Structures are given as structure tokens and as C-alpha cells.
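A.B. asks: Structure incoming, see below.
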Amino acid sequence: MDFLSDIHRGLAQTGIFFFIALGVWAVWFRIRSRPLDGSWYGAAAIGELLMIVEFLLGWVLYGQGLGGNLARAFVHILYATVAVITLPAAYLYLSRLQDENVKTILFAIVCFFLMEVIIRARVVALV
Numbered sequence: 000m001d002f003l004s005d006i007h008r009g010l011a012q013t014g015i016f017f018f019i020a021l022g023v024w025a026v027w028f029r030i031r032s033r034p035l036d037g038s039w040y041g042a043a044a045i046g047e048l049l050m051i052v053e054f055l056l057g058w059v060l061y062g063q064g065l066g067g068n069l070a071r072a073f074v075h076i077l078y079a080t081v082a083v084i085t086l087p088a089a090y091l092y093l094s095r096l097q098d099e100n101v102k103t104i105l106f107a108i109v110c111f112f113l114m115e116v117i118i119r120a121r122v123v124a125l126v
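Numbering that gives the first Met the number 0 applies: residue 0 is where the sequence shown begins, and numbers increase by one.
Given below as C-alpha cells:
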């Protein structure tokens with residue numbers, strides 16, 4: 000169980016840095032007045048897979064009884080759920096926008112929001 004907890008913590012840390020990089024990359028596209036390309040969307044899909052694996056691993060740990068160790072397990076699970084559904088929801092909504100510059104900056108904001116959600120989930124788990 001300790002091994003899975005370490006992986007869960009490591010994936011959370013990876014997610015923080017990954018979404019920082021993805022957000023900065025989107026800002027770079029916006030500065031250059033370029034639309035997001037397939038490479039960026041592919042990286043976003045990898046980030047979503049990272050969040051899904053993190054979410055499922057969290058449920059495995061919760062099922063093994065480690066949820067009782069969390070002071071506010073419900074809030075931690077709520078943050079994890081938000082982290083999983085935010086990127087697909089943003090894609091579904093933002094893909095209908097015509098202005099690529101607006102879409103690019105909004106995806107950057109979504110990435111920075113996800114970074115903060117992961118940080119908050121970690122804080123809730125530690126307190």
C-alpha cells in the first residue's frame with residue numbers, strides 16, 4: 000500500500016508540472032498568434048490519461064482503507080473528480096468557438112486551473 004501511495008503522490012506531482020507546461024505552451028501559441036495544433040491536443044490527451052490513472056489509483060487506495068486516513072476524504076475525491084472532468088468539458092465547449100486566439104488562451108487558463116485543482120487536492124489530503 001505504501002508503494003501505491005508513493006505512486007499516487009508522484010502522479011499528482013507529475014500532473015502539476017505537466018499542466019504548468021501545457022498552459023505555458025498554450026500561452027506561447029497565443030503570443031505567436033497561432034492556433035493550437037495536434038501536438039498540443041495530443042499532450043492534453045496524455046494529461047487527461049494521467050488524471051484518469053491518478054483518479055483510479057486513488058479509488059484503489061480508498062478501497063484498501065486508506066480513505067480513513069484523510070481528514071476530508073470527500074473533498075479530496077471531489078477535487079479528483081473535477082480534475083478528471085475539466086479538460087474534456089473544456090474541449091467540448093471550446094471546440095465550438097470560432098476565434099482560435101480566444102480558444103488558445105482559454106485552454107491555457109484551463110490548464111492553470113487544473114494545476115491549482117491538483118495542488119488543492121494535495122493540500123486537502125495532507126491537512
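Note that beta-carbon positions come from the ideal geometry of N, C-alpha and C, so glycine has one too.
Every value quoted in this text rests on a predicted model; they were computed, and no experiment measured them.
Measuring only the C-alpha atoms, how far is Pro87 from Glu47?
C.D. replies: Roughly 8 Å separates the two Cα atoms.
A.B. asks: Evaluate contact between the region 47-56 and the region 99-112, counting only Cβ atoms and requiring at least three cross-stretch pairs below 8 Å.
C.D. replies: At 8 Å Cβ cutoff, the stretches do not touch.
A.B. asks: Taking Val101 as the reference, give the member of Phe18, Thr80, Leu10, Ala25 with the closest Cα.
C.D. replies: Taking only the C-alpha atoms, the option nearest Val101 is Ala25.
A.B. asks: Quick test of the definition: if touching needs 3 or more C-beta pairs under 8 Å, does the region 13-25 touch the region 35-44?
C.D. replies: In short, these stretches touch, since the Cβ pair count reaches three.
A.B. asks: Here's the rule I'm using: 16 or more other beta-carbon atoms within 10 Å means buried, otherwise exposed. How should Ile187 be labelled?
C.D. replies: There is no way to answer for residue 187, as the model of the chain reaches only from 0 to 126.
A.B. asks: Is it the case that the Cβ atoms of Met114 and Gly9 are separated by a distance below 9 Å?
C.D. replies: Not closer than 9 Å, so no.
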